[in-house]
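Chains as they are written, first to last, in my numbering: chain S, 1 to 375; chain W, 1 to 304; chain G, 1 to 443. Backbone N, C-alpha and C fix where the C-beta goes; we use that ideal spot for every residue, glycine too. Treat the numbers as computed from the prediction; the structure is a model and nothing was measured. Reading through the structure tokens given below for one structure.
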């Protein structure tokens, strides 16, 4: 997936625009019709998305923003306008900060091993395997198991006293790990549920990118005497950089919104007595639906988390852009470069500059899907 | 500028062919077969991937007492598994077949809709020129980062005003589009669909929508297959929202899994048997369409 | 408050109307699915109506039982929607109340623990007070669901008068009496105190590998429910400062001394995997045991022989759990729903529900019924559970005061106990944590 590829110039010649360089081929009514076709079609194509999105995505968001500025009990409804009081109240809560640390820690334990494992598995699959489809389908199996089910299965495996994992550790001679009492251990356990479900999925996306690497590059590397490992690092990795970035960003945003696994990790679902594994989204949920029923503060948490994710996304984007511009120049890049130059030349005289590059991408934001699936 | 007049139809085929050529993967099969180590490693990965699902079969074949005593009650599933299946099928509390039908309807409709609308919007964002394009795209992407647990309440208000509570529309309509889908298709098409092909079709007099239909859509097919799969699975496994807008009389499969549990006692063998049953249809789909699907995904590979 | 609710409603109507137009403009094909609850309109006379009852877990309302109502009221069809877990039902109820009440069932079942927060907004529910029904329930059950100004939010269904369940086989091995009357004596009989209970525990653990009880929190739960006003002042509803709340601090110290210092606790958190497994692994010998807990023990401890119930409870009678039927004010058929709720909670029907699902009745007459008085539980060594729990119910003197902040404060203390009992933290440090949690509530 060519995500976050360097900005492409807007296509300046998509049809017979008024300022198009080409002389009109038809005249009169049909020409006018054609012009409207060109002008309106783009809006027409994005409109189904925006209409539905306004209904099911924007309306809830705007509503939440409105709520965050009011005193608002979940059951009692709207109270007084309080400005930013909810925000300052949330920022003063130690649990809020603790939840941020937990979120970040779980995110590190899930994202990094996940990306490394996925890329390794993809590299293994990116060979001339016997029964290739079988192996490819096999790694995707965890993805089809519902998060609810994954949490229940792993809950049994990670039980402190009678769980399979501690039993296996016992065989190797390691003391049982307190998955529900040790902070770091609980993060590892939760991260492993996330990793289980998403590693194969990511591996397949990596594989797709690897399959697209031109064969000539490998041939050239072989001629240069590069071994397998060398080929992987000097040909494959640079070639799939955009995909790596895509996966890192999607797993960042997914990782910052972990919910189901924590809810189902113990019977209370609030991150343990010490809130040792409470993530920020769970904190948000607890403020709204738990004992406080404080919809106003919960809405403030939602917006704080949103800002944080956007911030991390920006940082991510800046870093990755630097990487992708400083990397070795591959043929793909130069071709893209050429194309851009060509396009610019053609568009010379046309107004405007290239459109802003999109911010890094998160995941499907469907308020109705489980958090797990939002990547 | 391409001055070759080609019909829109050929342009579509050309797109696919050009993309295939760039991928240049066909000749890779001449490469030598990997060694035994690769298979061992992949086999390990596969074992780990399968184990949790296999574990559900083991627990489903056992009984609650044994499950409480042993971390792994037995190593092979046996016929008592079918008792759990029978319980799930026959229970009055559980509308298994209705849930299956509902899940299929929801997953199919949303997957089709997400693919269609995302491809349309993605094509527009990637290849067409219009005022506000940049800001709108940034906007779409930024909203993906919003934690939407809270959005549930306004959305519920909306659904109840539309009188959709308890009906499938309440799950389907919010799932008809995803920002992720639009972004995904935008990124894909901006790479995979050469401007020259659009040019060619337009020069040949094809209308905008015809150009989309015969040039963009074929070129988008690989990414669309992947998006369709993701959406399908996502809706199939979705729990939180359906649990709020639907009820036990008109459930989806994940709701069925949940209703196998009770407040004060969890019959793990029944629940695990249920989990397997709920996952089974997806596995069957995998076996039947998996080959094409994975092939489609692979064909959809874009250069990094 | 009323005014603000109305305002909210108007705003959201407007927004929703706009959104609705958008939807229509898209001409979306409506997809399959049942359309239930087309029961709008006033309820007078013999109009055909459908009433929905939303319950959770097991209330014992079978289809036959509900059909009996239709026989008496031919124009009314009763439907039951069941959530698997009370937590799901609670989310559902809360979300729908927050959204203005639409989509709620005509009758919503609630647990006693949800009452404090619902009590804050009594207008969301119909006032069910009815002079004709006076004396139907135990006084404290009615008191739990009554607002200060005398509104009744729910009709009582079941209750949770707690006894002590114990493992006679483990008692025997440790040289303690096994007979349920003798065990009741051992634990202090009529005037049992927590000290008696813990002292017996010390004797037991000295001679057994098992612990005395599962964990500190349910034990504390039993103790704190015996305080008339644990965390808040019943007069004003204001929270008591936790730091200077010596009653709570004393209980905290007492239960931790028993759990940790005397090693009476198995350190297994209720409803966790390990706790479930603990039943099969002889992890503990006694439990605080309301009637609904017996079902849980029976299922989790399948195959284990030796469980029994003793008619005793340290520190006097105590109630743990129980439910009510409420009628949300937003429903279209509130009068008919009220009538149905009264019928469902009548002694005769509740007795049938008890026979169906072991939900111990809160109705005086139902408790005295033959069905309840003769009921025995064969898993618990044929213990006469009907009379035992009736006696435990009688021992309850009143409902403790639980205001709107009760559970927020309670959770902080419970977490502190859990940190020490299960996590091995220092009790003093952990108490400070509870104080911090209390402070952050900003009360």
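Can you give me the C-alpha to C-alpha distance between residue 125 (chain S) and residue 207 (chain S), rounded to a whole angstrom? As a working mapping, residue 125 (chain S) is identified with position 125 in the first chain. As a working mapping, residue 207 (chain S) is identified with position 207 in the first chain. Rounded to whole angstroms, residue 125 (chain S) and residue 207 (chain S) show a C-alpha spacing of 7 Å.
At 3 residues or longer, and completely inside the stretch 105 to 177 of chain G: list those beta strand (DSSP E) runs for me, N to C. Whole beta strand (DSSP E) segments, 3+ residues: 107 to 111, 154 to 161 and 163 to 167.
List the endpoints of the continuous beta strand (DSSP E) containing residue 267 (chain G). The residue labelled residue 267 (chain G) in the question sits at position 267 within the third chain. That residue, residue 267 (chain G), is in no beta strand (DSSP E); it is neither H nor E in DSSP.
Counting along the chain, where does the alpha helix (DSSP H) carrying residue 345 (chain G) start and finish? To locate residue 345 (chain G), count along the third chain from 1; it is residue 345. Per DSSP, residue 345 (chain G) lies in no alpha helix (DSSP H) segment and is marked neither H nor E.
So if I threshold CB-CB distances at 8 Å, which residues from the stretch 108 to 138 of chain G count as touching chain S? For the stretch 108 to 138 of chain G, the residues whose beta carbon sits under 8 Å from a beta carbon of chain S are, in order, 117, 118, 120, 121 and 124.
Does DSSP put residue 93 (chain G) in a helix, a strand or coil? Counting from one through the third chain, the residue named residue 93 (chain G) turns up at place 93. Three-state result, residue 93 (chain G): helix.
Run the CB neighbour count on residue 55 (chain W), radius 10 Å, all protein chains shown included, and call it buried at 16 or more, exposed below. Taking the first residue of the second chain as position 1, residue 55 (chain W) is located at position 55. Looking at its Cβ environment, which holds 16 or more other Cβ atoms inside 10 Å, residue 55 (chain W) is buried.
Where does residue 377 (chain G) sit, in a helix, a strand or coil, going by DSSP? For the purposes of this step, residue 377 (chain G) is identified with residue 377 of the third chain, where counting begins at 1. Strand, per DSSP.
Would you mind working out which of W:256, W:235, W:224 and W:46 sits nearest residue 133 (chain S), comparing C-alpha positions? The residue labelled residue 133 (chain S) in the question sits at position 133 within the first chain. Considering only W:256, W:235, W:224 and W:46, the residue with the shortest C-alpha distance to residue 133 (chain S) is W:46.
Quick one: Cα of residue 79 (chain G) to Cα of residue 131 (chain W), how far? By 1-based counting over the third chain, the position of residue 79 (chain G) is 79. By 1-based counting over the second chain, the position of residue 131 (chain W) is 131. Those two C-alpha atoms are separated by around 54 Å.
Near-chain G residues of the stretch 57 to 71 of chain W (beta-carbon distance less than 7 Å), N- to C-terminal order: Per Cβ criterion, the list reads 64, 65, 68 and 69.
At a CB distance below 8 Å, what residues from the stretch 88 to 107 of chain G approach chain W? Give them in sequence order. For the stretch 88 to 107 of chain G, the beta-carbon criterion of a distance under 8 Å to any beta-carbon of chain W is satisfied by 88, 91, 92, 95, 96, 98, 99, 100, 102 and 103.
Applying the criterion that 16 or more other CB atoms from any shown protein chain within 10 Å of the CB defines a buried residue, is residue 429 (chain G) buried or exposed? Numbered from its first residue, the third chain carries residue 429 (chain G) at position 429. Of the residues assessed, residue 429 (chain G) falls on the exposed side of the cut-off, its CB having fewer than 16 other CB atoms within 10 angstroms.
What is the DSSP secondary structure of residue 147 (chain S), reduced to helix, strand or coil? As a working note, residue 147 (chain S) is residue 147 in the first chain. Helix, per DSSP.
Secondary structure at residue 45 (chain S), three-state DSSP: helix, strand or coil? Locating residue 45 (chain S) in the first chain gives position 45, where the first residue counts as 1. Taken through DSSP and simplified to helix, strand or coil, residue 45 (chain S) comes out as helix.
Please state whether the Cβ-Cβ distance between residue 110 (chain S) and residue 195 (chain S) is less than 7 Å. Position 110 of the first chain holds residue 110 (chain S). Position 195 of the first chain holds residue 195 (chain S). Residue 110 (chain S) places its beta carbon less than 7 Å from that of residue 195 (chain S).
Applying the 10 Å Cβ sphere with the 16-neighbour rule, what's the burial state of residue 244 (chain G)? Counted from its first residue, the third chain places residue 244 (chain G) at position 244. Residue 244 (chain G) should be labelled exposed.
Does the Cβ of residue 75 (chain G) lie closer than 6 Å to at least one heavy atom of the ligand PLP? Among the components modelled here there is no ligand, and therefore nothing to report on the ligand PLP.
Closest residue to residue 202 (chain S) among S:213, S:142, S:189 and S:190 (Cα-Cα distance): As a working note, residue 202 (chain S) is residue 202 in the first chain. Out of S:213, S:142, S:189 and S:190, S:142 has the C-alpha closest to the C-alpha of residue 202 (chain S).
Nearest to residue 198 (chain S) (by Cα), restricted to the options S:87, S:144 and S:311: Here the question's residue 198 (chain S) lines up with position 198 in the first chain. That would be S:144, whose Cα lies nearest to the Cα of residue 198 (chain S).
Within its chain, find whatever has a CB closer than 7 Å to the CB of residue 179 (chain S); leave out the 5 residues flanking it on each side and keep chain order. For the purposes of this step, residue 179 (chain S) is identified with residue 179 of the first chain, where counting begins at 1. Spatial neighbours of residue 179 (chain S) in its own chain (CB-CB distance under 7 Å, excluding positions within 5 residues in sequence) are listed in chain order as 158, 160, 185, 186 and 189.
Residue range of the unbroken alpha helix (DSSP H) whose run includes residue 306 (chain W): Only positions 1 to 304 of chain W appear in the structure, and residue 306 (chain W) is not among them; the question remains open.
Let me make sure I understand the geometry here. Which of G:347, G:380, G:426 and G:106 has the alpha-carbon closest to that of residue 372 (chain G)? Working through the third chain from its first residue, we reach residue 372 (chain G) at position 372. Nearest option by C-alpha distance: G:347.
DSSP on residue 252 (chain W), reduced to helix/strand/coil? Mapped onto the second chain, residue 252 (chain W) falls at position 252. DSSP places residue 252 (chain W) in coil when its eight states are reduced to three.
On the premise that residue 323 (chain G) lies in contact with residue 109 (chain G), defined as a C-beta separation below 8 Å, what is that separation, rounded to the nearest angstrom? Residue 109 (chain G) sits at position 109 when you count from the first residue of the third chain. Residue 323 (chain G) sits at position 323 when you count from the first residue of the third chain. 6 Å between Cβ atoms; contact.
With distance defined between alpha-carbon atoms, name the residue in S:118, S:284 and S:319 nearest to residue 74 (chain S). Walking along the first chain from the start, residue 74 (chain S) turns up at place 74. Per the Cα distances, S:284.
CB-CB under 8 Å to residue 234 (chain G), same chain, minus the five flanking residues each way: which ones, in chain order? If you number the third chain from 1, residue 234 (chain G) lands on position 234. Scanning its chain for C-beta atoms nearer than 8 Å, with the 5 sequence neighbours on each side dropped, one finds around residue 234 (chain G) the residues 228, 401 and 403, in chain order.
Using a C-beta cutoff of 7 Å, does residue 210 (chain W) count as contacting chain C? No chain C is present in this structure, whose protein chains are S, W and G.
Pick out whichever of G:49, G:238 and G:61 has its Cα sitting closest to the Cα of residue 350 (chain G). Sequence index remark: in the third chain, residue 350 (chain G) carries index 350 (1-based). When G:49, G:238 and G:61 are compared, the shortest CA-CA separation from residue 350 (chain G) is found for G:61.
So residue 58 (chain S) is in the alpha helix (DSSP H); what residue range does that whole segment cover? The residue you call residue 58 (chain S) lines up with position 58 of the first chain. Neither: residue 58 (chain S) is in no alpha helix (DSSP H) and is coded neither H nor E.
Segments assigned alpha helix (DSSP H), at least 4 residues, entirely inside the stretch 95 to 172 of chain W: Every unbroken stretch of the alpha helix (DSSP H) spanning 4 or more residues and falling wholly within the stretch 95 to 172 of chain W is given here in chain order: 96 to 127, 133 to 143, 152 to 161 and 169 to 172.
Measuring straight from C-alpha to C-alpha, what distance separates residue 152 (chain W) and residue 83 (chain G)? On the second chain, position 152 is the one that residue 152 (chain W) refers to. On the third chain, position 83 is the one that residue 83 (chain G) refers to. The alpha-carbon atoms of residue 152 (chain W) and residue 83 (chain G) are separated by roughly 19 Å.
Near-chain S residues of the stretch 425 to 443 of chain G - C-beta to any C-beta below 9 Å: Within the stretch 425 to 443 of chain G, the residues whose Cβ lies closer than 9 Å to some Cβ of chain S are 425, 430, 433, 436, 437, 440, 441 and 442, listed in chain order.
Which value, in whole angstroms, describes the spacing of the CA atoms of residue 376 (chain S) and residue 391 (chain G)? The requested residue 376 (chain S) is not part of the displayed model; chain S covers only 1 to 375.
Suppose you measure from the CA of residue 90 (chain W) to the CA of residue 433 (chain G); what does that come to, to the nearest Å? Counting from one through the second chain, the residue named residue 90 (chain W) turns up at place 90. Counting from one through the third chain, the residue named residue 433 (chain G) turns up at place 433. Distance between the alpha carbons of residue 90 (chain W) and residue 433 (chain G): 50 Å.
What separation, rounded to the nearest whole angstrom, lies between the Cα atoms of residue 423 (chain G) and residue 94 (chain S)? Translated into positions along the third chain, residue 423 (chain G) becomes position 423. Translated into positions along the first chain, residue 94 (chain S) becomes position 94. Spanning the two alpha carbons is a distance of roughly 20 Å.
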